[in-house]
Amino acid sequence: MTGLRERWRLRAMHTIQERALDLFDEKGFGAVTIEEIAAAAEVSPSTVYRLFGTKEGIIVADEFDTMSAEELEGIVDPHDPIGSLLRSVRADESTPEHTPDSQNAGAPPDTGPWRRVRYHFTEPSVRMAACASADRTSQRLTPLIASTGNLTETQARVATNALVFGYFAALEQWYLDGGNRPIADYVEDGMRPLRGIWPSSADYGDSA
Numbered sequence: 001m002t003g004l005r006e007r008w009r010l011r012a013m014h015t016i017q018e019r020a021l022d023l024f025d026e027k028g029f030g031a032v033t034i035e036e037i038a039a040a041a042e043v044s045p046s047t048v049y050r051l052f053g054t055k056e057g058i059i060v061a062d063e064f065d066t067m068s069a070e071e072l073e074g075i076v077d078p079h080d081p082i083g084s085l086l087r088s089v090r091a092d093e094s095t096p097e098h099t100p101d102s103q104n105a106g107a108p109p110d111t112g113p114w115r116r117v118r119y120h121f122t123e124p125s126v127r128m129a130a131c132a133s134a135d136r137t138s139q140r141l142t143p144l145i146a147s148t149g150n151l152t153e154t155q156a157r158v159a160t161n162a163l164v165f166g167y168f169a170a171l172e173q174w175y176l177d178g179g180n181r182p183i184a185d186y187v188e189d190g191m192r193p194l195r196g197i198w199p200s201s202a203d204y205g206d207s208a
């Protein structure tokens, strides 16, 4: 039953996000109500509130927010969190719905990450929500990063914030440049200064 409920929750979240984005794109973010989103997604307003809390939450929420500590440990390598992040971004971008239409090459995609990401940087309230989400992510990751013993608690906190908010900054540069190149390219380039803290997995293995 837990598995069925979780699958329903994820499907409902995806449907609500897509219908909300349809409305935001059509009417503008500020003009759309939770009630309209619920009607378009064929769920109750209380379901939208329960899953996301706010309109801003619809934009910034993802599966990472609800992962347990055990699940986080399964996807984040504390010795190479940059590598873990890059693998996640590349996997996400390789899915069909995130691949730009070849007929529209050179133009910003109207599906996939572009639809959500642009609101992070065009709507102040969404940006604030995204920064709050990034802070929560950093709080959750800091103990995992500190668990390696390679950094002090203070260093782990600072480094993790650099990682999480650095990803946000790379995402913003991708948006400002028009979203025509893979997000992973921006993340990999932007994270290079942090490789002094976290060498790549291959380098770490060589030094072990």
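Mind the numbering: the sequence shown is residues 1 to 208 in full-length UniProt numbering, read in order. Where is the CB? At the ideal position from N, CA and C, for every residue including glycine. Bear in mind that the values here come from a model prediction, so they are computed numbers and not experimental data.
- Taking every protein chain shown into account, the CB of residue 135 has fewer than 16 other CB atoms within 10 angstroms, so this residue is exposed.
- For residue 138, the enclosing alpha helix (DSSP H) covers residues 124-146.
- With a beta-carbon spacing of about 7 Å, residue 72 and residue 140 fall inside the 8 Å limit used to define contacts.
- In this structure, the alpha-carbon of residue 59 lies about 7 Å from that of residue 17.
- Counting along the chain, residue 159 sits inside the alpha helix (DSSP H) bounded by residues 153-176.
- In this model, residue 164 and residue 34 are separated by some 29 Å (Cα to Cα).
- Across the structure, residue 8 and residue 15 are spaced so that their CA atoms are roughly 10 Å apart.
- For the pair of segments examined, the region 45-56 was found to touch the region 120-138: the number of CB pairs separated by less than 8 Å reaches three.
- Spatial neighbours of residue 117 in its own chain (CB-CB distance under 7 Å, excluding positions within 5 residues in sequence) are listed in chain order as 171 and 175.
- The alpha-carbon separation between residue 121 and residue 178 amounts to approximately 12 Å.
- A Cβ-Cβ contact shorter than 8 Å links residue 85 with residue 187.
- Secondary structure at residue 42: coil, using DSSP grouped into helix, strand and coil.
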